[in-house]
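Chemist: One structure, pasted below without further comment.
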Amino acid sequence: MNGLNYIRRRCNITIQELADILGVTRQMVSVWEHGQKEIPAKRKENLAEFFGIPENYFEEISEEEKQFLVSKAMFQHEWKGKIIYLYRKPKVNEEKQRLDLCFRKDNDLMINEEYKQALKLKKETIEKIEEMMQIDDCDQEAAISVIHRECWFYETMTRLLQKAREQKNTRKVPFRYEIKNIMLAMLIGFELESEEIFSEMKCWDDTNPVPAPDREFIEKLSALIHQHWKEKFDFYDNYEKNMREKKETKERNISQEKKQKENLEKKISQIEKETGKKILEGNYEAIIVSGCDTRW
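Numbered according to this note's numbering, the sequence shown terminates at residue 296, and the numbering increases by one at each position without gaps.
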C-alpha cells in the first residue's frame, strides 16, 4: 500500500490541496502515489514536517506500519476553513485554531466521503424509527399505547446521549462506550448477537487507554440479562400455557354441559311423546336418564 496516499486520505486532504501545500503540480502528487516516481528527499522532508510522520511512511508501507498509523493519535486542524487531521500539534507560531485529539478508525474513505455515508445512515435510521412507530389509525386506543411505549424507549436513549454530551471532554467518549457496552450486553443476552461479535472489534484492556467495548463487563452483564430473561420467559410461557389449559378445560366443560343438556332434552322429548303428557320445565332435574322415574 502506498503510504502517501493512505496518509493523505486519512488526513482529509485532496491531491490538489497537498500539491498546493508542497508547491508542486497535482499530476506530480498522483505520480508519487502510484509509485511511478520516487519522492525526492526534500519533498519527503516537507511531508514529514507537515503531517508529523517519519519520512519512510510515505513510501510503500506494510500492514504492520498501516496499523501503527491507525493507532497513532491525530489532531484536528482548521486549514483554510476546512477540518483536516494531522499527526502533529499546531506550531507555536500558527494561528490559534480548533485542536482536538482523536483516533480515526481504519478507513480508505476520506472524511468528506465518510460524512456523506453517515448522513445516509442517519436518514435510514430515522426511517426505521418511523416504521417502528407506525400505528393503526382505526384503533386509537392501541395507537396511543404504541406511541407512548415507543416514545419512552427513544426518549430514554436521548436522555442518555444528552448526559454523555454534558460530560467533560475526557469523559464524553468513555460515557458513550459505557452505553454501548450495556447495549451490546442486551443484544447478546437476548440472543440477537453472538459473542463472535468480539472478533470484529478491538476491546478494552488495562494496557489500552483508548475507549473501546469492555468484553469482560459485557460477557458478565449479558449472562445476567440472559438468565433473568430466561426466568421471565419461562414464567410467562408457563403462564400462557396454564391460561390456555384453563380455557381449553372451560370450553370442554361447556361442551360437555351442552351435550348433556341436548341428551336430556332428547330424553324428555321421547318421554313426552310416549306418555302424551308435557313435562314441566321445573321438573327437568327430576328425570333419571334411565327412564325409571318421571315427575311432572
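Positions of the beta carbon are idealized from the N, C-alpha and C atoms, including for glycine.
On a predicted model such as this, the values are computed, not experimentally measured, just so you know.
With contact counted as at least three CB pairs below 8 Å, one residue from each stretch, are the stretch 153 to 166 and the stretch 135 to 145 in contact?
Modeler: no
Chemist: Extract the residue ranges of the beta strand (DSSP E) inside the stretch 5 to 68, only unbroken runs of 3 or more that lie entirely within it.
Modeler: none
Chemist: Under a three-way DSSP split, which group does Leu264 fall into?
Modeler: Along the sequence shown, read from residue 1 onward, the residue named residue 264 stands at position 264. Correct three-state label for Leu264: helix.
Chemist: Starting from Leu121 and walking both ways along the alpha helix (DSSP H), at which residues does that stretch end?
Modeler: Here residue 121 refers to the residue found at position 121 when the sequence shown is read from its first residue. Ile111 to Met132 is the extent of the alpha helix (DSSP H) around Leu121.
Chemist: Could you tell me the boundaries of the beta strand (DSSP E) in which Ile82 lies?
Modeler: Mapped onto the sequence shown, residue 82 falls at position 82. The sequence shown places Lys at residue 82, not Ile. Run containing Lys82: Lys82 to Leu86, per the beta strand (DSSP E) assignment.
Chemist: Taking only the alpha-carbon atoms, compute the straight-line gap between Asn112 and Glu193 and give it to the nearest angstrom.
Modeler: As a first step, residue 112 must be located in the sequence shown, where it is residue number 112. As a first step, residue 193 must be located in the sequence shown, where it is residue number 193. Each residue's alpha carbon lies about 31 Å from the other.
Chemist: When you compare each of Ile147, Gln117, Ala118 and Lys120 to Glu131 by their alpha carbons, which one comes out closest?
Modeler: For the purposes of this step, residue 131 is identified with residue 131 of the sequence shown, where counting begins at 1. Residue Ile147 is the option with its Cα nearest to Glu131.
Chemist: Tell me, please, which residues DSSP counts as bridged to His148.
Modeler: Translated into the one-based positions of the sequence shown, residue 148 becomes position 148. None; His148 has no bridge partner.
Chemist: Please return the same chain residues whose Cβ sits closer than 8 Å to the Cβ of Glu45, not counting the five positions on each side in sequence.
Modeler: Taking the first residue of the sequence shown as position 1, residue 45 is located at position 45. Taken in chain order, the residues that qualify are Glu55.
Chemist: CA-CA distance, Phe51 and Ala41?
Modeler: The residue given as residue 51 occupies position 51 in the sequence shown. The residue given as residue 41 occupies position 41 in the sequence shown. Taking the straight line joining both Cα atoms gives about 15 Å.
Chemist: What is the DSSP secondary structure of Trp79, reduced to helix, strand or coil?
Modeler: One-based indexing of the sequence shown puts residue 79 at position 79. The answer is strand: DSSP assigns Trp79 an E or B state.
Chemist: Would DSSP call Met1 helix, strand or coil?
Modeler: By 1-based counting over the sequence shown, the position of residue 1 is 1. Here Met1 sits in coil by DSSP.
Chemist: What number of angstroms, rounded off, separates the C-alpha of Ile254 from the C-alpha of Lys261?
Modeler: Within the sequence shown, residue 254 is the residue found at index 254, counting from 1. Within the sequence shown, residue 261 is the residue found at index 261, counting from 1. Using only the alpha carbons, I get a separation of about 10 Å.
Chemist: What do you get for Asn181, buried or exposed, if any count of 16 or more other CB atoms within 10 angstroms of its CB means buried?
Modeler: For the purposes of this step, residue 181 is taken as the residue at position 181 of the sequence shown. Looking at its Cβ environment, which holds 16 or more other Cβ atoms inside 10 Å, Asn181 is buried.
Chemist: Which of helix, strand or coil does DSSP assign to Ala164?
Modeler: The count along the sequence shown starts at 1 and reaches residue 164 at position 164. Three-state DSSP puts Ala164 in a helix.
Chemist: Could you tell me how far apart the beta carbons of Val29 and Lys37 are, in whole angstroms, since I believe they sit closer than 8 Å?
Modeler: Your numbering for residue 29 matches position 29 in the sequence shown. Your numbering for residue 37 matches position 37 in the sequence shown. Not really, about 11 Å apart at Cβ, beyond 8 Å.
Chemist: Need the endpoints of the alpha helix (DSSP H) that Ile179 sits in, please.
Modeler: As a first step, residue 179 must be located in the sequence shown, where it is residue number 179. Start and end: Asn169 to Gly189.
Chemist: Taking DSSP as the reference, what is the three-state secondary structure of Glu251?
Modeler: Counted from its first residue, the sequence shown places residue 251 at position 251. The three-state secondary structure of Glu251, taken from DSSP, is helix.
Chemist: Using CA atoms only, rank isn't needed, just tell me which of Gly35, Glu33, His34 and Ile15 is closest to Arg26.
Modeler: The residue given as residue 26 occupies position 26 in the sequence shown. Residue Ile15 is the option with its Cα nearest to Arg26.
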